[in-house]
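Which chain is which? The protein sequence lines are A, B, C and D, in order.
Just so we're aligned: the first sequence equals residues 0 to 324 in numbering that gives the first Met the number 0.
Just so we're aligned: the second sequence equals residues 0 to 324 in numbering that gives the first Met the number 0.
Just so we're aligned: the third sequence equals residues 0 to 338 in numbering that gives the first Met the number 0.
Just so we're aligned: the fourth sequence equals residues 0 to 338 in numbering that gives the first Met the number 0.
These notes are about the structure you will find just below.
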Amino acid sequence: MTVVTYLDAIRDGLREEMERDDRVFLIGEDIGKFGGAFKVTEGFQERFGAERVIDTPISETAIVGAAAGAAHMGLRPVCEMQFIDFLSCAYSIITNYVATARYRADLKTPIVIRGPSGGYVRGGPFHSQNPEAAYLHTPGLKIVAPATVRDAKGLIKSAIRDDDPVLYFEHKYLYRRLKQDLPEGEEILTPIGLARVAREGKDLTIVTYSAMVHKALEAADQLSDDGVSVEVLDLRTLLPIDDAAIMASVKKTNRVLIVHEDTRTGGLAGEIAARINEQCFEWLDAPVRRVCAHDVPLPFAPTLEDFTLPQTDDIVAAARWMVRY
Amino acid sequence: MTVVTYLDAIRDGLREEMERDDRVFLIGEDIGKFGGAFKVTEGFQERFGAERVIDTPISETAIVGAAAGAAHMGLRPVCEMQFIDFLSCAYSIITNYVATARYRADLKTPIVIRGPSGGYVRGGPFHSQNPEAAYLHTPGLKIVAPATVRDAKGLIKSAIRDDDPVLYFEHKYLYRRLKQDLPEGEEILTPIGLARVAREGKDLTIVTYSAMVHKALEAADQLSDDGVSVEVLDLRTLLPIDDAAIMASVKKTNRVLIVHEDTRTGGLAGEIAARINEQCFEWLDAPVRRVCAHDVPLPFAPTLEDFTLPQTDDIVAAARWMVRY
Amino acid sequence: MTDIPAGLTRAQLHELYYWMRLTRSLEERLVSLYRQSKVVGGVFRSLGQEAGSVGSAFALDRRAGDILSPLIRNLGSILVQGATPVEVLRQYMAKATGPTRGRELNIHFNDLNRGFLGQVSHLGDMVPVMCGVTMSFKMRREPRVGMVYVGDGAMSTGAFHEGINFAAVQRLPLVVICENNGYAYSTPTRHQTAVQFLVEKAAGYGVAGEQVDGNDVLAVYECTRKAVDRARRGGGVTMVEVITFRRSGHAQHDNQSYVPKEEIEAWEARDPIDRYVRRLSEHGWASPTELMALDQRVGAEIDNALMLCEDEPAPDPASALLGVLASEPAAPLEWYRRL
Amino acid sequence: MTDIPAGLTRAQLHELYYWMRLTRSLEERLVSLYRQSKVVGGVFRSLGQEAGSVGSAFALDRRAGDILSPLIRNLGSILVQGATPVEVLRQYMAKATGPTRGRELNIHFNDLNRGFLGQVSHLGDMVPVMCGVTMSFKMRREPRVGMVYVGDGAMSTGAFHEGINFAAVQRLPLVVICENNGYAYSTPTRHQTAVQFLVEKAAGYGVAGEQVDGNDVLAVYECTRKAVDRARRGGGVTMVEVITFRRSGHAQHDNQSYVPKEEIEAWEARDPIDRYVRRLSEHGWASPTELMALDQRVGAEIDNALMLCEDEPAPDPASALLGVLASEPAAPLEWYRRL
Ligand SMILES: Cc1ncc(C[n+]2csc(CCOP(=O)(O)OP(=O)(O)O)c2C)c(N)n1
Ligand SMILES: Cc1ncc(C[n+]2csc(CCOP(=O)(O)OP(=O)(O)O)c2C)c(N)n1
Ligand SMILES: [Mg+2]
Ligand SMILES: [Mg+2]
């Protein structure tokens, strides 16, 4: 056993896959000699050479497009966005070219696009984004968002082996704060498409993912003190959504709170609420409710950011409301 | 009274606003001498001059960015996307720059971005898109989508007068097929943010917008034959969503079907279903259900397109299921 | 009989003629099918530009595995790479048997083994994508070359810029064919860029630039061939400006009233096929009978292709659900279709 | 005492010194506040680049209403345009009293009346936006000029390309300052572009190109002034390459181990402020006492600014809801906060 951080886990996963499969290569800004803005790929260029760890100009569309072309030819590119906020610069080529390539033209496009997402780090409106909602709407993509050290490693490895294009959203708040013992030498592969029960409970289900899993677990601890038993479901994969796991938990607890860091309107929680309503209407003892960020661009000042983003106390308050309903 | 098409109505609305307010100008590809791919601005350059009807290179980001800068300086730009599918090329500057300008920097950015959206025209995957879901998630934007000739005119005029950035999605299937008598000389201004009851009913509410309003009305006619009374709510504005109008209808009929042409997962219907569940849970006699396109890129062949997109019979079948529930 | 230029054989000269004739005749057939509304969607002509497509694609080495990515007016290029008339007809008629099974339009299809990668509508995107294709050649030390077509209009897109700049920095084996055909839809090139010639953009990217008479198929071949050889030698990117003219409208629906008649007439006089026929005859590189035989072959091939596919069925509706993801056989059938 | 170049007055020479000194001292103060963790987020230095920012901005005419859009390292530019030290301190400390009321970082703020439009993080976007600003000047026949800054890195973005191409076609009164400071974060310019000098890109857009020693404030002023005058005369876009060097890291957290020591030392020897002081003294354009007075003024202004704002409150949390839309007073308070 060795203690690894969430960031180490991503790095180890990338390294293991590059060692296993020489078709895997990395492409992005400042990822080579420098090792990337967050040092995820530190030492990789020395280890694997400049042709498998490619520094690019500031050109997100070129990064993704080049990855797609290389993938068509049988390679397995992993793109790094320096901050996931800049993924928006590749929005058109991702949704129009990459996502549709298999459907319209039988083109294999097994690419991974990863990068630091999320707030709570005083990054301001352009270094804190959660972009999942913008891609949720695109058939042909997969989206994953690890909440744990183990899944950070297991999902990057599975994403690289997956034959579909995968967006891998890592949470920068967890990078160095989250640590876990991982068994050495064990091959960790988190299946894409399957959620994880992070905590068992019977009174209420909290459906969430990424950094919010930890706030949900904190909330669950507090709630257990006043005798409320909360089940926490960590989605892990955001697209395709694991309906089976969600509905199983709903049928067990009959109350659902969906929690995400992203803003409310048009966010993932709405889609999940709709699905629960469609598939479990008769099982619901209370309306499905959402705890999300306020509908504003994420402001910079700590007081503003903390107010805008969901906090553990918010989840506790919302959960109390749910069980009282 | 003169009979005008949906397309005429957009043209007339643009012309009236340009005549009323010399701060209004148009910018886009081939909109000048040529009058645009669908001839919406035919004759405008002769009438208003090349400085108010600006032809651009094929540069959607430049079009939107230039509009934003001009708007900061007090002008009122209206951008045309040749097909709304190419709006994706401006995704980053719209969501990061335009939408946040007021919030982060008190910058006035009253721009309108309009263009032909929607399918049923054998346009294939890149000339048939419905992009609303990708922008729904962005605080700071407004989105409108007219279903009628009257609102096509009333919404473009209101959008131009609005002090917020407005995405105006017109449906190319309706351009020349939809005709209506409009009183001459009447100033038509459709309020942004307010839905419209397109048909009164008591057994079931269909919440929809744009071209699907007409399929919903067809379905309502058929359903009335077997004694089902359907209320059709035409949203008209997609962001901000008119919760009040939706909930009023839900409380009246207690059954809701949400219909849109866009694909299901991550679409607008999910957000609306979630809101109804949150605000009207106790009033629901049946689960809120969605009729949307299948979750695939829109294919080209007529047989495939017709299968993929929702049809009137689908709405009828779904409505029957709802009332039987 | 004078020497044949560019190291071509007599047979190759005939081949070039064949490809240009096939391109034009196939498009003419598409137009008549369009008039009979047997074509779904529009028809995009390369009338007067056939030499640009055929001459440039002919400079690639198909045996070596070179790959090109066309635009809407490069039917000739993919034919040279091995796309067949019947595939093109099936695409335009949206047949179940077509290469995209009715999912995509016109020449938006591909076969990487034959060496062509169909584009998406979003202009510019194929430049970054071809960066990736040629990057794979470089990584694997394969002596293969990539070619991507952009128009005077497409060069204004951000995707073009990011792609060619990346290719230049990486010295990728990529040839960028810039077709200056005077217009982007209704927009004349002078409203698209402030330079007079597209080739002036090459220096700004630090890549080689060439300019060629796009209506002279041998000149296009020779010029592109130099660029292809440079790329294969590891000499990096070349931008080749092909000066030509779009004599038909943007698509069949467009009567291009915005184009001065004289301009069109002037370019009719420079028709690439007529010019090539004169040249072949003058130099005795092809006899009238040989040319007639080629014309007949083209006609017969198109007739047979059409006969083969004209009555083929449209795609099965439910097939629309197949193949969105590798990991799932089909997208779920919507619930309202199960009622 | 020799003649003053570029038609400047003695007072203006002192002003240039004052702006550069103010820029450097203010940044140094920010660094010490950063070390005391009184700054929220990072601190981005323009150490060694002050002449590029100050000299170029000084070439604008504030009375005429010229407007510039800076990048992260152009603190000097917005100071010249009238931004104040207290505004900058409040931004970095995320105070309620700051120009963005704590919503945005560092120099991401603006005042169109004073003539500066703060950027967003997404590189390149401000080029199209400044197209629109200068388009409004042109439409209204106002003799105003716009200026936008891009780095060697930002020039690789699609947004830069679309913007400058549009400005060139429209002949907008825009000056594009291209700061070649050797690096984009850790990426040397040679990995960003295949040209040796950024100015080589000008011809590809059909715009004028100039290159200048970015560590000579008078040269930057003179060169930019020509470009500004050209723009004001209706002569269109000029790309000005400012050759300089980023002597501090990308931000304070970055020790720039990837930059060779010698390179940094070589550029230290060319420090723009030291050079300017030597020049002022040699020519007798400023006396030691005059310079000392200016240094004291700078120090006092920063002290006062800090005293004014250091203990000011953070923004009221609920103010986060205000001003998303013009048509709505506030975004709704989330239901869970109302429980
Ligand atoms: C990003 C983008 N914007 C707009 C369009 C619409 N469009 C299709 S073809 C075309 C003109 C293309 O001109 P050019 O690149 O010169 O090619 P040509 O048609 O002359 O061969 C336009 C504007 C598009 N396909 N992609
Ligand atoms: C579109 C985009 N991609 C990536 C980034 C992350 N980023 C911020 S600054 C920077 C380097 C900028 O280099 P340059 O343009 O040369 O400016 P300099 O820092 O040298 O002044 C990068 C990559 C960004 N801000 N925008
Ligand atoms: Mg063209
Ligand atoms: Mg730089």
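In this text, a Cβ means the ideal position worked out from N, Cα and C, and glycines have one as well.
Quick check: what's the CA-CA separation for residue i versus residue j?
| i | j | result |
| --- | --- | --- |
| Trp-18/D | Val-79/D | 7 Å |
| Asp-29/B | Arg-10/B | 15 Å |
| Ala-158/B | Thr-236/B | 10 Å |
| Ala-197/B | Leu-283/A | 32 Å |
| Ile-106/C | Gly-248/C | 18 Å |
| Val-323/D | Glu-333/D | 15 Å |
| Ile-92/A | Thr-99/A | 10 Å |
| Ile-176/C | Ala-82/C | 19 Å |
| Pro-76/A | Ser-31/D | 42 Å |
| Asp-151/D | Arg-246/D | 15 Å |
| Pro-301/A | Ser-127/A | 13 Å |
| Arg-140/C | Arg-160/A | 24 Å |
| Leu-122/C | Phe-159/C | 8 Å |
| Arg-101/A | Pro-190/A | 21 Å |
| Gly-233/D | Gln-210/D | 21 Å |
| Asn-73/C | Ser-36/C | 23 Å |
Could you name the residues of the same chain whose beta carbon sits closer than 6 Å to that of residue i, not counting the 5 residues immediately before and after it, in chain order?
| i | result |
| --- | --- |
| Arg-61/D | Gly-114 |
| Arg-143/C | Ala-63, Gly-64, Asp-65 and Phe-136 |
| Ser-155/D | Gln-191 |
| Pro-145/B | Ala-151 and Leu-154 |
| Ala-167/D | Tyr-204, Gly-205, Val-206 and Val-236 |
| Gly-162/C | Val-126, Pro-127 and Cys-130 |
| Gly-31/A | Gln-44, Val-52 and Asp-54 |
Under 8 Å Cβ to Cβ from residue i, same chain only, skipping five residues before and after it: list those, please.
| i | result |
| --- | --- |
| Trp-320/B | Arg-288 |
| Ile-187/B | Gly-12, Arg-149, Lys-152, Gly-153, Lys-156 and Leu-181 |
| Met-134/C | Gln-169 and Leu-171 |
Strictly below 8 Å CB to CB, what residues from chain A border residue i?
| i | result |
| --- | --- |
| Asn-109/C | Ala-104 and Leu-106 |
For a contact defined as C-beta to C-beta under 8 Å, what are the partners of residue i on chain B?
| i | result |
| --- | --- |
| Asp-315/D | The contacting residues do not exist; Asp-315/D stays about 16 Å from chain B at best. |
| Gly-139/A | Pro-296 |
So residue i contacts chain D; which residues on that side make the cut at Cβ distance below 7 Å?
| i | result |
| --- | --- |
| His-160/C | Gly-157 and His-160 |
| Glu-300/C | Going along chain D, no residue has its Cβ under 7 Å from Glu-300/C, so there is no contact; the nearest lies around 42 Å. |
Determine the chain C residues that contact residue i at a beta-carbon separation under 9 Å, and present them in chain order.
| i | result |
| --- | --- |
| Glu-16/A | The contacting residues do not exist; Glu-16/A stays about 17 Å from chain C at best. |
Could you tell me which chain B residues have their CB closer than 7 Å to the CB of residue i, listed as they occur along the chain?
| i | result |
| --- | --- |
| Thr-99/D | Arg-103 and Ala-104 |
| Gln-191/C | Pro-56 |
Going along chain B in order, which residues have a C-beta closer than 9 Å to the C-beta of residue i?
| i | result |
| --- | --- |
| Val-85/C | Correct list: empty, because the minimum Cβ distance to chain B is about 17 Å. |
Indicate, with yes or no, if ligand 5 has a heavy atom lying under 6 Å from the CB of residue i.
| i | result |
| --- | --- |
| Glu-300/C | This structure lacks ligand 5; the ligands present are ligand 1, ligand 2, ligand 3 and ligand 4. |
Which residues in the same chain have their Cβ closer than 7 Å to the Cβ of residue i, if we skip the five residues on either side of it in sequence?
| i | result |
| --- | --- |
| Gly-192/B | Thr-236, Pro-239 and Asp-241 |
| Asp-20/B | Arg-75 |
Under 8 Å Cβ-Cβ, which residues of chain D neighbour residue i?
| i | result |
| --- | --- |
| Phe-24/A | Here the premise fails: no neighbours, minimum Cβ distance about 17 Å. |
Whose Cβ in chain C lies nearer than 7 Å to the Cβ of residue i?
| i | result |
| --- | --- |
| Arg-121/B | Val-39 and Gly-40 |
Under a criterion of Cβ closer than 7 Å to any non-hydrogen atom of ligand 2, which residues qualify, in chain order?
Glu-28/A, Asp-29/A, Ile-57/A, Glu-59/A, Gln-81/A, Phe-82/A, Phe-85/A, Cys-88/A, Leu-70/D, Ile-71/D, Arg-72/D, Ser-120/D, His-121/D, Leu-122/D, Gly-123/D, Val-149/D, Gly-150/D, Asp-151/D, Gly-152/D, Ala-153/D, Thr-156/D, Glu-178/D, Asn-180/D, Tyr-182/D, Ala-183/D, Tyr-184/D, Arg-245/D and His-249/D
My parser needs the alpha helix (DSSP H) runs of 4 or more residues fully inside the region 205–265 of chain C; what are they?
216–231
Runs of alpha helix (DSSP H) lying entirely within the region 59–88 of chain B, each at least 4 residues, in chain order:
59–71
Please give the ranges of any alpha helix (DSSP H) in the region 119–168 of chain A, keeping only runs that are unbroken, at least 4 residues long and fully inside the region.
131–135 and 148–160
Kindly provide the ranges of any beta strand (DSSP E) runs that are 3 or more residues long and lie completely inside the region 265–298 of chain D, ordered along the chain.
none
Give me the subset of the region 318–332 of chain D whose CB atoms are less than 8 Å from a CB atom of chain E, sorted by chain position.
The structure shown has no chain E; the protein chains it does contain are A, B, C and D.
Along the chain, which unbroken stretches of the beta strand (DSSP E) at least 3 residues long are found entirely within the region 108–190 of chain D?
145–150 and 173–179
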